[in-house]
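K.L.:
Have a look at this one before I ask anything.
Residue numbers (my numbering): -2 to 170.
Below you can see the structure in the form of structure tokens.
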């Protein structure tokens, strides 16, 4: 089983930092508006919001990226792709190559800085996403999965043609 790239922790922390800063900005605007218009809001509200902001910083920037990094694994097998995810609720997704319809890679601006991509595999029902792997590995995996899809598709067509021929042969007799 393989894991996310080591730089994924930095990327997750940068994304979390941006979200926490937006939350802090909203709190600051709320405080300024209440001060400017002299609204009768207790200081306890701002203490609670500051405590929530501190909890957000500890959880989203410090703890969660490490836990997510340690909890996500993937494996590209001969017949299927296996993805293990979840910090508390462990989830195992297994997608056979027969069910795969499309494979694509995604890369945001922060991911580009650290040479990371996310590989998304689409099926008719749902799909799976292998997050934050190195861009070279992502392109190799995309090529490998497309190749396995073609192999399975060609095998299925061959089996279908043999089945049709057998049905025709049986109908002759």
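For each residue, glycine too, the CB sits at the ideal point set by N, CA and C. Computed from a predicted structure; not experimentally measured.
Taking DSSP's pairing of strands, which residues face residue -1 in a bridge?
P.N.:
71
K.L.:
Quick one: give me the first and last residue of the beta strand (DSSP E) that residue 90 is part of.
P.N.:
88 to 93
K.L.:
Should residue 116 and residue 138 be called a contact, given that it needs their Cβ atoms to be closer than 8 Å?
P.N.:
yes
K.L.:
Going by other Cβ atoms of all chains shown within 10 Å of its Cβ, with 16 needed for buried, is residue 144 buried or exposed?
P.N.:
exposed
K.L.:
Tell me which residues share the same chain as residue 76 and place their Cβ nearer than 8 Å to its Cβ, disregarding the 5 neighbours each side in the sequence.
P.N.:
93, 94
K.L.:
Taking the alpha-carbon of residue 73 as reference, which of 67, 27, 23, 126 has the nearest alpha-carbon?
P.N.:
Of the residues 67, 27, 23, 126, the one whose Cα lies closest to the Cα of residue 73 is 126.
K.L.:
Quick check on this structure: which residue in 53, 85, 7 has the alpha carbon closest to the alpha carbon of residue 21?
P.N.:
53
K.L.:
Kindly identify the DSSP beta-bridge partner or partners of residue 125.
P.N.:
118
K.L.:
Secondary structure at residue 81, three-state DSSP: helix, strand or coil?
P.N.:
strand
K.L.:
Taking the straight line between their C-alpha atoms, what separation do you get for residue 14 and residue 152?
P.N.:
About 48 Å.
K.L.:
Thinking just about the alpha-carbon of each residue, which of 68, 40, 24 is nearest to the one in residue 6?
P.N.:
68
K.L.:
Could you tell me which of 78, 106, 41 sits nearest to residue 100, measuring between CA atoms?
P.N.:
Answer by Cα proximity: 78.
K.L.:
Using a 10 Å radius around the Cβ and a threshold of 16 neighbouring Cβ atoms, would you call residue 62 buried or exposed?
P.N.:
buried
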